[in-house]
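Note sheet for the following structure.
Residue numbers (the numbering used here): 3 to 350.
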């Protein structure tokens, strides 16, 4: 299988979700099973006694928004706080202007209004998301939902991006496990392009592109409500998408039962990735529909969670064309991840 993968001819595949092309060039890589991270995922391991995210250091953080459980004092499990160094300013006023950039011509500048929050996933410094039980991961997911529900009551907020950076080379400035949430007064162009691409697929086929996603050799694992695959035209090596089985446009539609179910599958994907790829730095992003999406687009939009291990860099070709080169065929990556055996802890 490895030899077969090594001598496969290059292919150019279209990612129908994002409407972009990806080049698969396996000759540029070693065997998929040897594709491991060379860097330490957490070289910036902060001194635990000085970490502001650890329990007992709450006063060192920016203001708290809420915690889980809500009435806890020193025994909190999750805290959602303002970012001490926010990319956006929640105190500014955002002027009424078109949220669709296509309605604007020329260069446009508006105030840097928005929200930038941090979700501290555990009070214990060495504990990472993959170390938590499925129910505990589910609680983190529900914290995302709760914060989105708060933010979407504001008419000026058009899109909310949930993301996690794990490891310094993936953009994490703190080694204590955390995620981030940014709420924007505009819909980013990449989001608009994704929504439009999925709408075009629906208009051509009458079906949602993610409801019809290929499983066959791309499936890694599945649960009652979700499935995890390597996408057909994966932009990055060993990229993983976790997708609701049943059509859902917005992540904030997630309920408690589905959160635990997703928590178990997300944990499994992170453990498999860490085991096979030597605990690589990674990013995950939740891709959801804009908050004020046109109702006619709801049948075609479908949220999903993307995990990208940081195994290769981006060069001038990718920057110049928007067309990425992936050295690992998705079918090979899915097989490697599928065959990683993980012992399940029955107590979790």
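Yeah, the Cβ is synthetic: ideal placement off N, Cα and C, and Gly gets one too.
Segment limits, beta strand (DSSP E) that includes residue i
i	result
residue 185	180–186
residue 244	242–246
residue 80	80–84
residue 310	306–311
residue 221	221–224
residue 230	228–231
residue 287	284–289
residue 344	No beta strand (DSSP E) contains residue 344, which DSSP labels as neither H nor E.
residue 17	13–17
Residue i, buried or exposed, once every other Cβ within 10 Å from all chains shown has been counted against 16
i	result
residue 248	exposed
residue 352	Residue numbering for the chain in the displayed model covers 3 to 350; residue 352 lies beyond these limits and cannot be assessed.
residue 1	Nothing can be reported for residue 1, as the shown portion of the chain is limited to 3 through 350.
residue 83	buried
residue 233	buried
residue 312	buried
residue 322	exposed
residue 223	buried
residue 66	exposed
residue 336	buried
residue 319	exposed
residue 209	exposed
Spatially closest choice to residue i from the options, by CA coordinates
i	options	result
residue 186	268, 150, 172	150
residue 251	294, 326, 169	294
residue 12	339, 327, 131, 335	327
residue 1	50, 191, 222	Residue 1 lies beyond the stretch modelled for the chain, which goes from 3 to 350, so this question has no answer here.
residue 307	329, 300, 265	265
residue 118	124, 243, 91	91
residue 195	337, 292, 281, 136	292
residue 269	253, 254, 244, 259	244
residue 218	18, 297, 273, 334	334
residue 17	216, 315, 290	216
residue 141	236, 258, 60	258
residue 254	302, 154, 59, 74	154
residue 317	238, 225, 246	238
For residue i, the first and last residue of its enclosing alpha helix (DSSP H)
i	result
residue 351	In the structure as shown, the chain begins at 3 and stops at 350. Residue 351 is therefore absent and cannot be evaluated.
residue 331	Element bounds for residue 331: n/a, residue is neither H nor E.
residue 258	258–279
residue 319	318–323
Same chain only: Cβ atoms within 6 angstroms of residue i, ignoring 5 sequence neighbours per side
i	result
residue 115	94, 96, 187
residue 69	78, 81
residue 122	55, 81, 180
residue 285	167, 172, 310
residue 124	179
residue 300	251
residue 53	127, 178
Residues near residue i in its chain [Cβ-Cβ closer than 7 angstroms; skip 5 each side]
i	result
residue 331	7, 10, 26, 28
residue 45	With a pLDDT of 49 at residue 45, under the threshold of 50, the modelled position of that residue is not reliable, and the figure given next carries that caveat. For residue 45, where only same-chain residues beyond five positions count, the Cβ hits under 7 angstroms are 170.
residue 324	22
residue 278	338, 339, 342
residue 139	131, 265, 268, 269
Any non-hydrogen atom of the ligand ZN closer than 8 angstroms to residue i Cβ
i	result
residue 110	As for the ligand ZN, it is missing from this structure, which has no ligand bound.
Below-9 angstroms beta-carbon distance, residue i vs any chain D residue
i	result
residue 79	Here there is only one protein chain, and chain D is not present.
Same chain only: Cβ atoms within 8 angstroms of residue i, ignoring 5 sequence neighbours per side
i	result
residue 344	270, 273, 274, 277
Report task. Tell me the start and end of each unbroken alpha helix (DSSP H) in the segment 101–172 that is at least 4 residues and wholly inside, in chain order. Result -> If one requires a minimum length of 4 residues, the alpha helix (DSSP H) runs lying completely within the segment 101–172 are 136–153, in chain order.
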